[in-house]
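Its first residue numbered 5, the sequence shown is counted upward by one per residue in our numbering. Where is the CB? At the ideal position from N, CA and C, for every residue including glycine. Just so it is clear, the structure is predicted and the values come from calculations on it, not from any experiment.
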Amino acid sequence: MALLASLLRSEKRPVFLELRSSAGLIVTTASFATFTDVFLYAVIVPVLPFSLSSRAGVAEDQVQYWISISLAVYGAALLASSPIWGYLADRIRNRKIPMLVGLIFLTGSTVFLCLATNIAMLLVGRVLQGCSAALTWTVGLALVVDSVDASQLGMATGWVGMATSLGVLLAPLLGGLVYEHGGYYSVFAMCFGILAVDIALRIAIIEVKEAKRWIDKTPVQSTTEMSGAIEDVVTKSEPTGDDAVQRVGKDNTMTEMSEEATPNHNQPSPASKHNHVIGPLIGLLRKPRLLAALWGTLVHAIIQTSFDSTLPLFVKSTFHWDSTGAGLAFLPLVAPCFISPLIGIMNDKYGPKWLATSGFIIATPFLICLRFVSEDSLNHKIMMCGLLVGVGLAVALVFGPLMAEISWSAVDGMDPTQDDMSAVPYAQAYGLYNMAFSGGCMLGPILGGLIRDRAGWPTVCWVLGLITAASTITQALWIGGPLKLKLPGRAGESS
Numbered sequence: 005m006a007l008l009a010s011l012l013r014s015e016k017r018p019v020f021l022e023l024r025s026s027a028g029l030i031v032t033t034a035s036f037a038t039f040t041d042v043f044l045y046a047v048i049v050p051v052l053p054f055s056l057s058s059r060a061g062v063a064e065d066q067v068q069y070w071i072s073i074s075l076a077v078y079g080a081a082l083l084a085s086s087p088i089w090g091y092l093a094d095r096i097r098n099r100k101i102p103m104l105v106g107l108i109f110l111t112g113s114t115v116f117l118c119l120a121t122n123i124a125m126l127l128v129g130r131v132l133q134g135c136s137a138a139l140t141w142t143v144g145l146a147l148v149v150d151s152v153d154a155s156q157l158g159m160a161t162g163w164v165g166m167a168t169s170l171g172v173l174l175a176p177l178l179g180g181l182v183y184e185h186g187g188y189y190s191v192f193a194m195c196f197g198i199l200a201v202d203i204a205l206r207i208a209i210i211e212v213k214e215a216k217r218w219i220d221k222t223p224v225q226s227t228t229e230m231s232g233a234i235e236d237v238v239t240k241s242e243p244t245g246d247d248a249v250q251r252v253g254k255d256n257t258m259t260e261m262s263e264e265a266t267p268n269h270n271q272p273s274p275a276s277k278h279n280h281v282i283g284p285l286i287g288l289l290r291k292p293r294l295l296a297a298l299w300g301t302l303v304h305a306i307i308q309t310s311f312d313s314t315l316p317l318f319v320k321s322t323f324h325w326d327s328t329g330a331g332l333a334f335l336p337l338v339a340p341c342f343i344s345p346l347i348g349i350m351n352d353k354y355g356p357k358w359l360a361t362s363g364f365i366i367a368t369p370f371l372i373c374l375r376f377v378s379e380d381s382l383n384h385k386i387m388m389c390g391l392l393v394g395v396g397l398a399v400a401l402v403f404g405p406l407m408a409e410i411s412w413s414a415v416d417g418m419d420p421t422q423d424d425m426s427a428v429p430y431a432q433a434y435g436l437y438n439m440a441f442s443g444g445c446m447l448g449p450i451l452g453g454l455i456r457d458r459a460g461w462p463t464v465c466w467v468l469g470l471i472t473a474a475s476t477i478t479q480a481l482w483i484g485g486p487l488k489l490k491l492p493g494r495a496g497e498s499s
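What follows is the structure in structure tokens.
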């Protein structure tokens, strides 16, 4: 990575510097990167129930098993690589280099999945995909935190959340349609096209602290001008943020830029380097609000991947739908993603506690009632779609607020007036976030797929409902800080 950094580091002023270092383009790039990762993960979800038999020779009664295993392998790779990328990201500080390295893993995984004619190639592709996703989520979210003010973080993560949900929405839909009408390789031609756009965006961006080398202005002026389009959108919404947390976010960005510009001649000893990594990590794990956010993230991932492994096969066996129908089945589940930016504004204004808690409360009855969908009739199809919309709304209420809560909990307890706010371990915090999400990605397919094989669809639904019901307690007690009777109404504050 050091060699790649030296190759990319140039003394010549880049063209379109202000645009390429604007918060708007950086948030767009991070959002599209997560969209691409999710899209390439989910695009073959409605394809596998049909292609495993035709291309890999898997018996029909083994299809559910291997779909669950392939998704669990993805989660395991995500889990194993997340702490590695979090550690490296906080040491390197340059967020762009790891983002480019992630493209190597993502391209390799897409090639393996495209050419897969056996289970081994499918699993290798999923492993590389998990490594890429861990890097993109860990570094991409840290890049967003570096580029926007803390008072606008909820809005920014709302856009990332919408891009993620949009990937979940479009991937199964387009995957099923293209597979049925164009065949297996047409699906991956579409994937490589999306990957090309992602590559262009990741190469184009310039980090704010890197742009400071060429912009000869005061730090405040530089940050203000480089806020870009996304800040204009957020400013119009006039959210109310916590002043201390805002100063922390701004001071952190300014400190990192000044550190980049000023060489450090006093290299730390190996022992201090070790403490620099382990100390912040232990500090993060001692925060109940962070642990609650990680639990909520784990449960969200379990719900998502449980449906990924069971819904296509359920509609195939119950309603006799083809790959197009299997893709369309995800439409009501992820349609509510379009309100994610609105939820982000509410999150900045009121905090994450009651949004996340409400999400799990809403999810519980809808998940349990899905167990009653059992007949190939119009009424049951309509009932399934309506219940999936309710689950999708609940997931939208949980996803963005918990993502922003990771950042706020990392800052929680730190003195906003201290000079060295660069010590905030954002990348390690999002590395833990990735580990929680990947744990859910590993448990979800096993919980969903294997329980469906052993006990049926109804059991899957009520088990998921019980998990979300229990999760409401952790969210209400600790998200945003310890539970209080009075809600201060400020993002990142205890509520």
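When the Cα of residue i is compared with those of the options, which residue comes out closest?
i      : options                        : result
VAL399 : SER378, HIS384, GLY443, ILE347 : ILE347
ALA160 : GLY134, ARG217, LEU181, THR33  : THR33
MET350 : PHE43, CYS135, GLY158          : GLY158
VAL467 : ILE372, ASP153, ALA414         : ILE372
GLU64  : ILE209, SER321, VAL148         : SER321
TRP358 : LEU487, GLN66, VAL67           : LEU487
TYR216 : ASN383, SER151, MET446         : According to the sequence as given, residue 216 is Lys; it is not Tyr. With distances taken between Cα atoms, LYS216 lies closest to SER151.
GLY186 : VAL51, ALA60, VAL143           : VAL51
THR142 : LEU117, ALA296, MET125, ILE101 : ILE101
VAL395 : ARG24, MET166, HIS304, GLU409  : HIS304
PRO18  : ILE198, PHE342, GLU214         : GLU214
VAL164 : VAL31, ALA138, ALA433, ALA440  : VAL31
Per DSSP, what kind of secondary structure is residue i in: helix, strand or coil?
i      : result
ASP153 : coil
VAL49  : coil
SER231 : Residue confidence is low: SER231 scores 42 on pLDDT, short of 50, so the model does not pin down where it sits. No coordinate-derived value is stated.
SER381 : coil
PHE109 : helix
TRP218 : coil
ASP255 : Here the model assigns ASP255 a pLDDT of 46, short of 50, so the residue's position is not dependable, and the following value carries that caveat. It is helical.
GLY61  : coil
SER55  : helix
VAL238 : For VAL238, the predicted model reports a pLDDT of 38, less than 50, meaning its position is unreliable and no value from the coordinates is stated.
LEU139 : helix
VAL77  : helix
GLU409 : helix
ASN122 : coil
VAL502 : Because the chain spans 5 through 499 in this model, residue 502 falls outside it and cannot be assessed.
VAL67  : helix
ALA193 : helix
HIS185 : helix
HIS304 : helix
ALA440 : helix
GLY460 : coil
LEU92  : helix
When the distance is taken between beta carbons, is residue j closer than 7 Å to residue i?
i      : j      : result
ALA93  : ALA431 : yes
GLY90  : GLY435 : yes
THR1   : PHE364 : Here the chain has residues from 5 to 499 only, and residue 1 is not among them.
VAL338 : LEU173 : yes
ILE203 : LEU132 : no
GLY171 : PHE39  : yes
THR301 : TYR183 : no
ALA474 : PRO405 : no
LEU401 : SER362 : yes
ILE306 : LEU119 : no
PRO449 : SER72  : yes
LEU29  : ILE209 : yes
SER136 : LEU117 : no
LEU285 : LEU294 : no
ARG130 : SER58  : no
Note down, in chain order, each residue of its chain lying with its Cβ closer than 7 Å to the Cβ of residue i, except the 5 sequence neighbours on either side.
i      : result
VAL464 : SER310, THR314, GLY452, ILE455, ARG456
SER55  : TYR188
TRP70  : LEU56, VAL62, ILE123
GLY144 : ALA34, ALA37, THR38, MET103
VAL319 : TRP325, GLY329, ALA330, ALA333
LYS16  : none
Near residue i, what residues of its chain come up, given a Cβ to Cβ distance below 6 Å and the 5 sequence neighbours on each side ignored?
i      : result
GLU22  : none
LEU374 : LEU391, CYS465
TRP299 : THR478
ALA167 : SER35, THR38, PHE39
HIS384 : VAL377
GLY134 : TYR78, ALA81, LEU82
PRO267 : Confidence at PRO267 is low in this model, with a pLDDT of 45, below 50, so its placement is unreliable and the value that follows should be read with caution. Here the set comprises nothing.
Closest Cβ-Cβ distance between residue i and chain D: below 7 Å?
i      : result
GLY331 : You won't find chain D in this structure, because it holds only one protein chain.
Between residue i and the rest of its own chain, which residues show a CB-CB distance below 8 Å, the 5 nearest in sequence each way excluded?
i     : result
VAL47 : ALA175, PRO176, LEU178, GLY179, VAL191, MET194, CYS195
Under the assumption that residue i contacts residue j (Cβ atoms under 8 Å), give the Cβ distance between them as a whole number of angstroms.
i      : j     : result
LEU126 : ALA84 : Contact flag wrong, Cβ pair sits at about 18 Å.
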